[in-house]
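In this note's numbering, the protein residues as written are 94 to 259. Every residue, glycine too, gets a C-beta built ideally from N, C-alpha and C. The structure presented is a predicted model; accordingly, all values stated were derived computationally and were not measured. Heads up: the structure comes next, in structure tokens.
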Amino acid sequence: MRSSRYEYETSPRKLEPDVQRRKQTKKRKLKVVEDLPRQDVKISKEQKKRQRKLTLVVIGIFILLLTISYRNSQINEKFNEVQNLKKELSSLQKENEQLKVTIENSLNLNTIEKLAKEKLGMQKLTNKQTVYVTLPKKDYVESASEEVVTEEEKGWFQQLVDKIFN
């Protein structure tokens, strides 16, 4: 029983094996690994071709993914632009409809009469303000004194025929 420090036996305790064990464990922990010179590993031409192919495939996949990502970003930008234009179009259409309604309301004869009375100070005619004018029955339209001649463009063959026979 080594749990207590006091020993009941007469023989002294042996320290050497325990100390030797500790020294061995320390030596094991402190053991330095020496670098061995690298041996030249020869890679066959076939392995080099495989490595090149693998590198090219990885680069190709990277470029492909980069291209796809770029196109998706362009598509998203165009989609957002289209959505903004659609919103703008709908707001302009609403405004256009409102303007049409206001135009139709302003063309009403009652509103025109009301605006003429209020803003322009106009009044309806009375019988005293009415003046009758008599016009002679002669027509005031003059007929054209000159004759208008329109010539159609003729082809070169028709012009030649006209020169020969005229």
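Under the DSSP assignment, S137 falls outside any alpha helix (DSSP H); it carries neither an H nor an E label.
N201 and I168 have their C-alpha atoms roughly 50 angstroms apart. Residue state for K179 is assigned as helix, using DSSP reduced to three classes. Between the alpha carbons of E245 and K207 lies a distance of about 56 angstroms. Just measuring C-alpha positions, the residue of I205, V226 and L178 sitting nearest K217 is I205. For N203, the enclosing alpha helix (DSSP H) stretches over residues L202 to E211. In the three-state DSSP reduction, V150 falls in the helix class (H, G or I).
In the three-state reduction of the DSSP assignment, L158 falls in the helix class.
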